[in-house]
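As numbered in UniProt numbering, the sequence shown has no gaps in its residue numbers, which increase by one up to the final residue, 385.
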Amino acid sequence: MVSRIDRGPVADWWWTIDRFLLAACLSLMGLGILLSFAASPAVAERIGLESFYFVKHQSMFMVPAVFVMFAVSFMAPRTIRRFAIILLGLSMLAMVGALFFGIEVKGARRWVSLAGISIQPSEFMKPAFVIVCAWLFSENERRKDIPGNFFSMVLFGVVAALLVAQPDLGQTILTAITWGAMFFMAGVPWLWIISLGVLGVAGFFGAYTIFPHVAGRIDRFMTGEGDTFQVDAGREAIIRGGWLGQGPGEGTIKRIIPDSHTDFIFSVTAEEYGIALCLLIVLIFAFIVIRGLSIALKERDDFTRLAVSGLVILFGFQSIINISVNLHLMPAKGMTLPFISYGGSSLISVAISTGLLLALTRRRPEGRRSATLANTKTPSLANAI
């Protein structure tokens, strides 16, 4: 046990970290391993793999994810900004490379292969994008000679264009919602907000017109006609599970759901463990979001306030989209459930996001915080980074 009189990085980290947020994140990680036993064996057997193939791989990915989350949570705010700029640059370069040399799956080029491992660069772009935009928004407020709002709009335009080119409309919408919320919290004029809202609506109708798969999903959601097998099966699994579920390993509908280990793991959870466990998972997600926003509300530093808010909004809306698709409350979209769904890129990315959240919500002495704020008010942009 670390004593309060101990001095050192680990002791300082332990007594300043938000242990409630840390416990919530670790709980979701543990549930992710547990639920992979329920959701993935049927998929592995169906495609000719060993029954626990996905369980083993998820457990393997969980080790670096835990390490990354803890390592990032030790970072200071200035280190976080530098880390995010580097990560954003690398991930955007990888996204460009994926368009030309990436692995094509179902008509989309979202993955690159490194040393035989498939990586989805857009997953790593998201937390870095949030941090860089938070810094730009805060610099715009602090220093009038830096057009941070304009730079953030340009950055968002480039990121959105790369996502649409893949194409990945789900990630585009998630990124747009997060960026829009941060833009609103940065205190921009209402005229800008309304203009961007109109552009967002125009973009939605443009996607419906240009991309047949988007139009097909929306039409199937609105009319119920066409291939709705996976959504219908997922909803049936939730209904069959009831409040307490059929029991571990007793689910049957999960065996016919193609993406039961990724996009529809929430439905498998309901079938085997019941709505009660699903509600617990939702409460943990809600706790992380609400606690993050409550901490941000009390934060005096604009960068920290916007970064924490953006990270929990990103985390929360990704969860909402996944769960809503499972409940048939919105058109089907491939979006993982953070820490729960199978996927190495998603898992490491969420670990980075939560590590950043834990680092930014650490309790710091007022004197140290004031010194940090004073350092960021220097005339040099390089010093601000």
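We put the beta carbon where it would ideally sit given N, CA and C, even for glycine.
Quiz prompt | Glu45 (DSSP reduced to helix, strand or coil) | solution = helix
Practice problem: In angstroms with no decimal places, state the Cα-to-Cα distance between Arg235 and Thr228. | Solution: 11 Å
Quiz item: Should Trp192 go down as buried or exposed, given a rule of 16 or more other Cβ atoms within 10 Å for buried?
Solution: exposed
Quiz item: Can you tell me where the beta strand (DSSP E) with Ile284 in it begins and where it stops?
Solution: No beta strand (DSSP E) contains Ile284, which is instead part of the alpha helix (DSSP H) from Ile265 to Lys298.
Exercise. Using 10 angstroms around the beta-carbon of Lys126, count the other beta-carbons present and answer buried if the total reaches 16, otherwise exposed.
Key: buried
Quiz prompt | Ser345 vs Ile119 beta-carbon contact at 8 Å | solution = yes
Quiz prompt | Given Ile320 as reference, the closest of Phe20, Gly224, Arg255 and Phe264 once Cα atoms are compared | solution = Phe264
Exercise. Could you tell me the boundaries of the beta strand (DSSP E) in which Ile119 lies?
Key: Ile117 to Ile119
Exercise. Write down every uninterrupted run of the alpha helix (DSSP H) in the stretch 50 to 112 whose length is 4 residues or greater and which is fully enclosed by it, in chain order.
Key: 53 to 73 and 77 to 101
Exercise. Tell me whether Asp145 is buried or exposed, calling it buried when 16 or more other Cβ atoms sit within 10 Å of its Cβ.
Key: exposed
Quiz item: Quick one: complete alpha helix (DSSP H) runs, 4+ long, within the stretch 213 to 258?
Solution: 229 to 241
Quiz item: When we look at the beta-carbon of Ser36 and count the other beta-carbons within 10 Å, is it buried (16 or more) or exposed?
Solution: buried
Quiz item: What is the DSSP secondary structure of Leu114, reduced to helix, strand or coil?
Solution: strand
Quiz prompt | Member of Leu314, Val63, Glu50 and Phe303 whose CA lies at the smallest distance from the CA of Ile177 | solution = Leu314
Quiz item: Span of the alpha helix (DSSP H) holding Arg305?
Solution: Asp302 to Asn326
Self-check item: Alpha-carbon to alpha-carbon, Val66 and Leu19
Solution: Rather than Leu, the amino acid found at residue 19 in this sequence is Arg. Arg19 and Val66: Cα-Cα distance of roughly 15 Å.
Self-check item: Endpoints, the alpha helix (DSSP H) within which Ile177 is located
Solution: Leu169 to Met185
Quiz prompt | Cβ neighbour criterion (16 or more within 10 Å) applied to Gly355 | solution = buried
Quiz item: Could you give the distance in angstroms between the alpha-carbon of Val312 and the alpha-carbon of Ile288?
Solution: 7 Å
Quiz item: Under a three-way DSSP split, which group does Thr336 fall into?
Solution: coil
Exercise. Within its chain, find whatever has a CB closer than 7 Å to the CB of Pro379; leave out the 5 residues flanking it on each side and keep chain order.
Key: Residue placement at Pro379 is flagged as unreliable, the pLDDT there being 48, under the threshold of 50; the coordinate-derived value follows with that caveat. Here the set comprises nothing.
Self-check item: Simplified DSSP state of Ser260, which is helix, strand or coil
Solution: coil
Quiz prompt | Residue range of the unbroken alpha helix (DSSP H) whose run includes Tyr208 | solution = Trp190 to Ile210
Quiz item: The alpha helix (DSSP H) with Met153 in it runs from where to where?
Solution: Gly148 to Ala165
Quiz item: Hey, Ala98 and Val112: beta-carbon distance below 8 Å or not?
Solution: yes
Quiz item: How is Leu329 classed by DSSP in three states: helix, strand or coil?
Solution: coil
Self-check item: CB contact flag (Phe156, Trp179, <8 Å)
Solution: yes
Self-check item: Collapsed DSSP secondary structure at Gly344 in the structure displayed
Solution: helix
Exercise. Drop a sphere of 10 angstroms on the beta-carbon of Pro248, count the other beta-carbons inside from all chains shown, and report buried for 16 or more, exposed for fewer.
Key: exposed
Quiz item: If you draw a straight line from the C-alpha of Pro147 to the C-alpha of Arg300, how long is it?
Solution: 21 Å
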